[in-house]
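> Encoded as structure tokens, here's the structure I'll be asking about.
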Ligand code: KIV
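Residue numbers (this note's numbering): 47 to 333.
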């Protein structure tokens, strides 16, 4: 483990000392490297990859194999942030045994350090079982994107007293079962504050107001790679989409005007006549 690596204990310290926690999604090694450079606390391989990377309307089709594939890619580029991976739809709802096996695969085969599971009191038995077998769990309550069909869309939860009580009961059940953090999605800010005050472990909000212990955003949203409009709770802190588009237009123009590649970007003929070996991508000193 890198000396500056984030751990569950350090996250707890941050909560106890009132230091905000940052969590950002990553789906590949280059993004994982950026998160590491920025010293983001937690990298989340979210099943949002089904929407953000695969271009679907929801997350329901994402498979275990896809989560494993992306977790491995993130593992390869990550140095510092804690690596948490989402358990995808139907990887944990069929039986606790299957859920246990799948969570273990994300740790053993993917290299995740913890799993995140959408659900409330109905998954508290599973959370207890996983934590007892040393698989740390992050809970995810409030708006649960897997419930998109039940909700009739992605809708803010906890606005009426009944739904608010249910979310509070979910939070209590998961805390008792042993989650080490709770993601709170799309709930009123006052409910985010209430859960944060009663929780001994960090709460990480996305559309849960400013008073949670940390905030999580999808990388593509915060970097400016998601086409407008963004969800109300997201903010584009950069314009990576525009930067990439400009680079593509300049590349196209340079190729069409025959200014790329230059002689400096081309190989001289080799005296031996043998084809030179391909240079490794990380070391471009290949003249
Ligand atoms: O899948 C995901 O990216 C998430 C975050 C938005 C919290 O669950």
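Even for Gly, the Cβ is constructed at its ideal location relative to N, Cα and C.
Computed from a predicted model, the values in this text were never measured in an experiment.
#1: Might you give, ordered along the chain, the residues of its own chain that have their beta carbon closer than 6 Å to the beta carbon of residue 223, omitting 5 neighbours on each side?
#2: What does a CB cutoff of less than 6 Å around residue 186 pick up in its chain, not counting 5 residues either side in sequence?
#3: Mapping DSSP to helix, strand and coil, what is residue 233?
#4: Within the structure, which residues are defined as neighbours of the ligand KIV by a Cβ-heavy atom distance below 7 Å, reported in chain order?
#5: Answer yes or no: do residue 158 and residue 176 have a C-beta to C-beta separation smaller than 7 Å?
#6: Taking the alpha-carbon of residue 282 as reference, which of 295, 292, 272, 268 has the nearest alpha-carbon?
#7: Do residue 270 and residue 253 have their C-beta atoms closer together than 7 Å?
#8: If you scan the region 143–229 from start to end, which runs of the alpha helix (DSSP H) of 4 or more residues do you find wholly inside it?
#9: Going straight from the alpha carbon of residue 200 to that of residue 262, what length do you get?
#10: Provide the residue(s) that pair with residue 131 in DSSP beta bridges, ordered along the chain.
#11: If distances are taken between C-alpha atoms only, which option among 133, 275, 55 comes closest to residue 109?
#12: Looking at the structure shown, is residue 262 part of a helix, part of a strand, or coil, going by DSSP?
#13: State yes or no: is the C-beta of residue 239 within less than 7 Å of the C-beta of residue 257?
#14: What does the Cβ neighbour count give for residue 86, buried or exposed, with the cut at 16 atoms within 10 Å?
On the basis of the supplied data:
#1: Mapped onto the chain shown, residue 223 falls at position 177. Answer for residue 223: 170, 173, 174, listed in chain order.
#2: Translated into the one-based positions of the chain shown, residue 186 becomes position 140. Cβ neighbours of residue 186 beyond the five flanking positions: 162, 164, 229.
#3: To locate residue 233, count along the chain shown from 1; it is residue 187. In this structure, residue 233 counts as coil in the three-state DSSP scheme.
#4: 71, 90, 92, 93, 94, 105, 132, 162, 186, 191, 229, 231, 252, 262, 264
#5: Locating residue 158 in the chain shown gives position 112, where the first residue counts as 1. Locating residue 176 in the chain shown gives position 130, where the first residue counts as 1. No. Outside cutoff.
#6: As a first step, residue 282 is located in the chain shown; it is residue number 236 there, counting from the start. Among 295, 292, 272, 268, the Cα nearest to that of residue 282 belongs to 268.
#7: What you label residue 270 is simply residue 224 of the chain shown in a count that begins at 1. What you label residue 253 is simply residue 207 of the chain shown in a count that begins at 1. It is not a contact, given that the beta carbons lie outside the stated cut-off.
#8: 170–178, 194–197, 207–223
#9: Mapped onto the chain shown, residue 200 falls at position 154. Mapped onto the chain shown, residue 262 falls at position 216. Rounded to whole angstroms, residue 200 to residue 262 spans 17 Å at the Cα level.
#10: Numbered from its first residue, the chain shown carries residue 131 at position 85. Beta-bridge pairing links residue 131 to 91, 161.
#11: The sequence position of residue 109 within the chain shown is 63, counting from 1. Checked all of 133, 275, 55; the closest Cα to residue 109 is 133.
#12: Here residue 262 refers to the residue found at position 216 when the chain shown is read from its first residue. Of the three classes helix, strand and coil, the one that applies to residue 262 here is strand, per DSSP.
#13: Here residue 239 corresponds to residue number 193 of the chain shown, with the count starting at 1. Here residue 257 corresponds to residue number 211 of the chain shown, with the count starting at 1. Yes.
#14: As a first step, residue 86 is located in the chain shown; it is residue number 40 there, counting from the start. Residue 86 is buried by the Cβ-count criterion.
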